[in-house]
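Protein chains in written order, with this note's numbering: chain A, 64 to 273; chain B, 64 to 273.
A quick write-up on the structure given underneath.
2 protein chains.
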Amino acid sequence: MISVAIADDHQLFADSLSMGLNSVPDIRVAATFKDGAELLGGLDDLEIDVLVIDLEMPNISGFEVLNAGRPLPPTLVVTMHSTEMQRRRALESGAAGFLPKSAPLNDLAAAIRALNAGEDLTESTTLRDVLRQHQEPVYDSRVQALTARERELLQLLAEGVTSTPDLADQLFISEKTVKNHLASIFEKLEVADRAQAAIEAIRLGVASRR
Amino acid sequence: MISVAIADDHQLFADSLSMGLNSVPDIRVAATFKDGAELLGGLDDLEIDVLVIDLEMPNISGFEVLNAGRPLPPTLVVTMHSTEMQRRRALESGAAGFLPKSAPLNDLAAAIRALNAGEDLTESTTLRDVLRQHQEPVYDSRVQALTARERELLQLLAEGVTSTPDLADQLFISEKTVKNHLASIFEKLEVADRAQAAIEAIRLGVASRR
DNA sequence: GAGCAAATAGGCCTCCCGACCTATGGTCTT
DNA sequence: AAGACCATAGGTCGGGAGGCCTATTTGCTC
Chain A
64 MISVAIADDH QLFADSLSMG LNSVPDIRVA ATFKDGAELL GGLDDLEIDV LVIDLEMPNI
124 SGFEVLNAGR PLPPTLVVTM HSTEMQRRRA LESGAAGFLP KSAPLNDLAA AIRALNAGED
184 LTESTTLRDV LRQHQEPVYD SRVQALTARE RELLQLLAEG VTSTPDLADQ LFISEKTVKN
244 HLASIFEKLE VADRAQAAIE AIRLGVASRR
Chain B
64 MISVAIADDH QLFADSLSMG LNSVPDIRVA ATFKDGAELL GGLDDLEIDV LVIDLEMPNI
124 SGFEVLNAGR PLPPTLVVTM HSTEMQRRRA LESGAAGFLP KSAPLNDLAA AIRALNAGED
184 LTESTTLRDV LRQHQEPVYD SRVQALTARE RELLQLLAEG VTSTPDLADQ LFISEKTVKN
244 HLASIFEKLE VADRAQAAIE AIRLGVASRR
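Below is the structure:
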């Protein structure tokens, strides 16, 4: 789970981005700040893996945060006015990456994963490649333990197919096999019954996202 | 359920806002567009209750959308550069409301609810009052039918307390009463068992949002 | 080709879940 | 005072859920 902090003076953007990123299985937004001052004040109390900041902010701007001489987590600059000059200035100030607000959410998630993994996003030539390599969410270890078939079953379960006969029908297997898979899922997810399994599946992002 | 469409050229914002609003129980984002042309092209195929648009967009701007002479759903203008002049121009062009991007997400949700209810958001003097009146999400009718006690139980259920004895313990009632409440919940939510009830509770936003 | 994990299937058994009904005290509204 | 709704509690009962074991086939890895 990657812990992220966001600083942006447009609260609608910060709130939404927080919600958006929280709906990504392996990313959690720990805090949002509405200017650089708040950010520098509140950062010490949190364990932040990756920082996402806007450049244009009142009080203390993104540039000033980067140049404050403080040790910061890998910092991704996300900005509206995406010019080459701003990009260069941000990277020179110590930003680990630079994305325009016109980028899709998936790219932001990928960039956060890349920074968390210690990758370098300052080279615009390799940016697209690096992002592509981090498209896939890194699931919780308990989810990783699940087999493909178990995941299929769990997905159906989380969609509301809860009875053994129905699951058997939709997976074209016997009820016995359904129960076997379920037992295995319960053990791996450390839950007691199918209701808890469904809840965990949703929480961990195994269920399909529409 | 209020159906919303978003138009904003900053995809990160549009994607995030979409996620953010979808996590509000009574609002669903049906589509996002990245400029006015896309919006005008795709709007006819959808039943949109409220439109959320940015003013600054390539191709066809927010102003041009409003002035296109088309019948539009109640339209909320959300903008970065919130000046009085822009506000006046937007409202004169037919916008039903105007919010800066520095507003919190709750206010946007409230504004959408207000517009959907036919309220007028053009008067800045009464804006705050109207928003306050629409703070609370309008739950699905099935959720409205639930009693307070049933909701308590459902909340516990959605948090993973699935066994009858555990539920009885935490609610300080007998197992019999738990089963009675559950039966009533099943009927009102039109589900068959506690797994489906938990899933619906999460989907409908009954479970606490942390 | 030996070994291992996964997907499939079955048996058996206990206990809990969900369905259906009755009942009582409390709090409203009419 | 009557009626309606809610929270509470109990009984019964059949079927399904979950625990525990065994077993076969397939496919991958060493």
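By construction, the Cβ of each residue, glycine as well, lies at the ideal position given by its N, Cα and C atoms.
No experiment lies behind these values; they were computed from the predicted model shown.
When Cβ-Cβ separations below 8 Å define contact, K239(B) makes no contact with chain A.
Burial is judged here by how many other beta carbons sit within 10 angstroms of a residue's own beta carbon; E263(B) has at least 16 and is buried. Checking the DSSP bridge columns, you'll see T95(B) partnered with I69(B). Listed in chain order, the non-local C-beta contacts of L190(A) below 7 Å within the same chain comprise L184, local neighbours out to five positions each way being set aside. Under DSSP, G160(B) shares a beta bridge with L139(B). Looking at the DSSP output, L114(B) shares a beta bridge with A68(B) and T138(B). Buried is the label assigned to D72(A), since at least 16 other Cβ atoms lie within 10 Å of its Cβ. For L184(B), there is no enclosing alpha helix (DSSP H), since its DSSP letter is neither H nor E.
A straight line joining the alpha-carbon of L168(B) with that of A100(B) spans about 26 Å.
Contact annotation, V269(A) with A221(A): C-beta distance approximately 7 Å; criterion of less than 8 Å satisfied. The continuous alpha helix (DSSP H) containing V241(A) extends over residues E238 to L252.
Within the same chain, and ignoring the five residues on either side of G105(B) in sequence, the residues whose Cβ sits closer than 7 Å to its Cβ are A94 and F96. If you check the CB distance, L178(A) and G160(A) come in under 8 Å.
Of I175(B), L171(B) and E127(B), the smallest CA-CA separation from V113(B) is found for I175(B).
Spatial neighbours of S237(B) in its own chain (CB-CB distance under 8 Å, excluding positions within 5 residues in sequence) are listed in chain order as A231. Within the region 188-222 of chain B, contact with chain A at the beta-carbon level (separation under 9 Å) is assigned to L220, A221 and E222.
Measuring C-alpha to C-alpha distances from I90(A) to each of D98(A), I123(A), Y202(A) and D256(A) identifies Y202(A) as the nearest. Within the region 239-260 of chain B, those residues whose Cβ lies closer than 9 Å to any Cβ of chain A are, in chain order, V254, A255, D256, R257, A258, Q259 and A260. Interface annotation, A166(B): in contact with chain A, CB-CB separation under 8 Å. Beyond the five residues adjoining it in sequence on each side, S66(A) comes within less than 7 Å, by CB distance, of R91, A93, E110, I111 and D112 in the same chain, given in chain order. Rounded to whole angstroms, the separation of the alpha carbons of D229(B) and A246(B) is 17 Å.
Where E147(A) is concerned, the enclosing alpha helix (DSSP H) starts and stops at E147 to E155. Proximity to E199(B) across T188(B), R205(B), P137(B) and L171(B) peaks at L171(B), based on C-alpha coordinates.
Spanning the alpha carbons of A77(B) and A158(B) requires a straight line of approximately 19 Å. Within the same chain, Cβ atoms closer than 8 Å to the Cβ of L103(A) are found at I123, V128, A131 and R133, the five residues on either side in sequence being excluded. Of all residues in the region 64-81 of chain B, only D72, H73, Q74, L75, F76, D78, S79, L80 and S81 come within less than 8 Å of chain A when Cβ atoms are compared, listed by chain position.
For Q207(A), the enclosing alpha helix (DSSP H) starts and ends at S204 to Q207. Take F126(B), set aside five residues on each side of it, and the residues of its chain with a beta-carbon closer than 8 Å to its own are L118, R152, A153 and S156, in chain order. For M120(A), there is no enclosing alpha helix (DSSP H), as DSSP gives it neither H nor E. At a cut-off of 8 Å between C-beta atoms, L171(B) counts as an interface residue with respect to chain A.
For T95(B), the nearest beta carbon of chain A is not closer than 8 Å to its own beta carbon. In its chain, beyond the 5 residues on either side, A260 and E263 have a beta carbon closer than 7 Å to the beta carbon of V254(B).
Between the alpha carbons of P121(B) and S86(B) lies a gap of roughly 29 Å. Excluding five sequence positions before and after P163(A), the CB atoms of its chain that fall closer than 6 Å to its own CB belong to S145, given in chain order. Taking the C-beta atoms as reference points, L267(A) is found nearer than 8 Å to V206(A).
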